[in-house]
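Set out below in structure tokens:
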């Protein structure tokens, strides 16, 4: 299981990123579409790491989100 950051951009599109997987991002027209897309992005990201022999980062036990 991964923590996913969901938010809308200035144009109202839904975006998602995975803090524990740098560069793993996705987007969609709706929240639901974005969740489907980011799950696929996570799977592809992890698969690529494994193919390259790179360890898959662990998910932090504690995550703090602050809005500034």
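Residue numbers (my numbering): 52 to 119.
Yeah, the Cβ is synthetic: ideal placement off N, Cα and C, and Gly gets one too.
Remember, it's a predicted structure, so these values are computed and weren't measured experimentally.
- Here the stretch 54-64 lies against the stretch 78-86, with 3 or more beta-carbon pairs under 8 Å apart.
- Around the beta carbon of residue 72, 16 or more other beta carbons lie within 10 angstroms, which makes this residue buried.
- Note on geometry: alpha-carbon atoms of residue 62 and residue 76 lie some 17 Å from one another.
- Under the three-state reduction of DSSP output, residue 64 falls in the coil class, being neither helix nor strand.
- In summary, residue 69 is buried, with 16 or more beta-carbon neighbours lying within 10 Å of its beta-carbon over all protein chains present.
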